[in-house]
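Asks: Heads up: the sequence shown begins at 1 in the numbering used here, then just goes up one per residue.
One structure follows; several queries about it will come next.
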Amino acid sequence: MNPSAVDELTLGDYLPRFESFHAQVANGLMRRPKMLPAKFLYDKTGSELFERICGLREYYPTRTEMGILSRYAGELADLCGPQCMLIELGSGSSTKTRMLLDRLCEPAAYVPVDISREQLIEAAASLCGDYGPLEIIPVCADYTDGLRTPATRRAARKTIVFFPGSTIGNFEPDEAMRFLRGYAHGGGCDAMIVGVDLRKPRSVLEPAYNDAAGVTAAFNLNLLRRINRELGADFALGRFYHRAIYNEHAGRIEMHLVSRTEQAVRLGRTRIMFEPGEPITTEHSYKYTLAGFANLAVCAGFEVGRVWTDPRQWFSVFYLKR
Ligand SMILES: C[S@@+](CC[C@H](N)C(=O)[O-])C[C@H]1O[C@@H](n2cnc3c(N)ncnc32)[C@H](O)[C@@H]1O
1 MNPSAVDELT LGDYLPRFES FHAQVANGLM RRPKMLPAKF LYDKTGSELF
51 ERICGLREYY PTRTEMGILS RYAGELADLC GPQCMLIELG SGSSTKTRML
101 LDRLCEPAAY VPVDISREQL IEAAASLCGD YGPLEIIPVC ADYTDGLRTP
151 ATRRAARKTI VFFPGSTIGN FEPDEAMRFL RGYAHGGGCD AMIVGVDLRK
201 PRSVLEPAYN DAAGVTAAFN LNLLRRINRE LGADFALGRF YHRAIYNEHA
251 GRIEMHLVSR TEQAVRLGRT RIMFEPGEPI TTEHSYKYTL AGFANLAVCA
301 GFEVGRVWTD PRQWFSVFYL KR
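Laid out in structure tokens, this is it:
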């Protein structure tokens with residue numbers, strides 16, 4: 001990372017506080033079935049592990065979405081038009097963004113939004129070095145708390161919200177609808193570009209989330225390590241294992257941390273009991289049909305402008321107009 005590029009960045013910092021993390025973890029572990037929000041998987045280590053997942057042979061989504069974006073970036077850029085502001089939700093390493101930035105005509109600003117602060121700053125600094133005069137305004141926030149559009153030096157003709165990585169699939173469908181509706185009816189968005197993973201055979205889906213090298217397992221278990229470190233819990237990591245299964249009826253991958261034994265875990269003054277085989281759900285990743293997601297977007301108040309897919313129809317990119 002270039003340290004002088006970091007100095008030039010102004011970070012909008014709205015990272016949720018300790019109390020909020022603690023309350024959400026405590027609530028999630030007290031309920032039945034136990035469930036923790038997927039956003040907490042992404043601390044510094046979680047983001048690094050996710051980057052490794054993106055390069056795994058079994059993990060088709062990143063490769064496939066990048067293939068679509070590289071093929072259709074010109075068309076996307078034409079739809080965005082000149083001098084747009086690009087806001088990216090869950091920007092991670094901003095790798096895919098480069099494909100758009102390379103083709104956009106004089107973009108007014110790029111606003112990466114992510115809950116993972118270190119990775120956000122690193123990615124923004126690296127883009128600063130490579131995209132010279134482009135104004136880059138990183139915002140560290142939970143995007144479910146609502147978007148605060150920052151003031152930019154240059155006026156933008158359009159605001160485009162980019163939401164790749166099939167992160168929309170981490171919402172329950174009714175939440176996804178409410179989330180999209182906020183952009184369809186709010187003032188700060190002219191169009192959205194959304195990466196959506198599609199339904200496919202279990203034989204492809206389950207290995208993607210159960211890789212042979214165990215990187216996804218490490219990513220999932222890192223959540224317990226984070227809770228121990230940041231909230232003073234005493235999870236024994238060896239007493240839990242990672243599992244990912246495709247729930248075909250619901251059309252989603254379910255990622256679990258399963259208790260190997262009957263055990264008690266301390267979180268502050270609270271004791272949380274586990275039965276042998278009891279899971280904590282750490283992520284749902286919904287897989288849509290093209291028609292299903294189009295319907296959701298229309299019900300949320302968008303018009304489907306364009307949809308691109310790969311030849312196997314494993315992944316899709318939607319351009320949604322207000
Ligand atoms: C599945 S990864 C996708 C990363 C990248 N956009 C890509 O396509 O490879 C999800 C990203 O969203 C971020 N994220 C997840 N939930 C979030 C939330 N509620 N608010 C802000 N960022 C979030 C994570 O930190 C992570 O960088």
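All C-beta atoms in this analysis are idealised placements derived from N, C-alpha and C, irrespective of residue type, glycine included.
Confirm the yes/no value for this check: CB of S203, any heavy atom of ligand 2, distance under 7 Å.
Replies: Summarising the ligand content, the structure contains ligand 1 and does not contain ligand 2.
Asks: Once the 5 residues before and after A300 are set aside, which same chain residues still bring their CB inside 7 Å of it?
Replies: Taking the sequence shown and counting its residues from 1, the one referred to as residue 300 is at position 300. Answer for A300: M177, L180, R181, A184, listed in chain order.
Asks: Going by DSSP in three states, S47 sits in which element: helix, strand or coil?
Replies: Locating residue 47 in the sequence shown gives position 47, where the first residue counts as 1. Residue state, collapsed to three classes: helix.
Asks: Among residues of its own chain, excluding the 5 on either side of I136, which ones have a beta-carbon nearer than 6 Å to its beta-carbon?
Replies: Taking the sequence shown and counting its residues from 1, the one referred to as residue 136 is at position 136. Y110, A124, L127, C128.
Asks: In the structure shown, what three-state DSSP assignment does C54 receive?
Replies: Within the sequence shown, residue 54 is the residue found at index 54, counting from 1. Helix, per DSSP.
Asks: By the 10 Å Cβ neighbour count, where 16 or more other Cβ atoms means buried, how is L86 classified, buried or exposed?
Replies: Taking the sequence shown and counting its residues from 1, the one referred to as residue 86 is at position 86. Buried.
Asks: From this set, K158, V196, S203, which residue's C-alpha is nearest G187's C-alpha?
Replies: In the sequence shown, residue 187 corresponds to position 187, counting from 1. The option with the nearest alpha carbon to G187 is K158.
Asks: Hey, would you say the C-beta of I115 is under 7 Å away from at least one heavy atom of ligand 1?
Replies: Start at 1 with the first residue of the sequence shown, and residue 115 comes out as number 115. Under cutoff, so the answer is yes.
Asks: Would you give the residue range spanned by the beta strand (DSSP E) that E241 belongs to?
Replies: The residue labelled residue 241 in the question sits at position 241 within the sequence shown. A quick correction: the sequence has Tyr, not Glu, at residue 241. Segment 240-247, the beta strand (DSSP E) holding Y241.
Asks: Do you know how far the Cα of L296 is from the Cα of E175?
Replies: Counting from 1 along the sequence shown, the entry for residue 175 is found at position 175. Counting from 1 along the sequence shown, the entry for residue 296 is found at position 296. In a straight line, the C-alpha of E175 is about 11 Å away from that of L296.
Asks: Helix, strand or coil for T216 per DSSP?
Replies: Your numbering for residue 216 matches position 216 in the sequence shown. Three-state DSSP puts T216 in a helix.
Asks: Tell me whether the beta-carbon of L41 lies closer than 8 Å to the beta-carbon of V25.
Replies: As a first step, residue 41 is located in the sequence shown; it is residue number 41 there, counting from the start. As a first step, residue 25 is located in the sequence shown; it is residue number 25 there, counting from the start. No, the pair does not count as a contact, with Cβ atoms beyond the cut-off.
Asks: Do G90 and Y143 have their C-beta atoms within less than 8 Å of each other?
Replies: In the sequence shown, the residue the question calls residue 90 occupies position 90. In the sequence shown, the residue the question calls residue 143 occupies position 143. Closer than 8 Å, so yes.
Asks: Any heavy atom of ligand 1 closer than 7 Å to the beta-carbon of K287?
Replies: Taking the first residue of the sequence shown as 1, we reach residue 287 at position 287. No; taking the cut-off as 7 Å, the Cβ of K287 has no heavy atom of ligand 1 nearer than that.
Asks: Can you say whether G169 is buried or exposed, counting buried as having 16 or more other CB atoms within 10 angstroms of its CB?
Replies: Residue numbering aside, residue 169 sits at position 169 when the sequence shown is read from its first letter. Classification for G169: buried.
Asks: Which residues mark the beginning and the end of the beta strand (DSSP E) in which F179 is found?
Replies: Walking along the sequence shown from the start, residue 179 turns up at place 179. Counting along the chain, F179 falls outside any beta strand (DSSP E), though it belongs to the alpha helix (DSSP H) covering 173-185.
Asks: Please report the distance separating the alpha-carbon of A213 from that of R225.
Replies: Translated into the one-based positions of the sequence shown, residue 213 becomes position 213. Translated into the one-based positions of the sequence shown, residue 225 becomes position 225. For A213 and R225, the distance between alpha carbons rounds to 19 Å.
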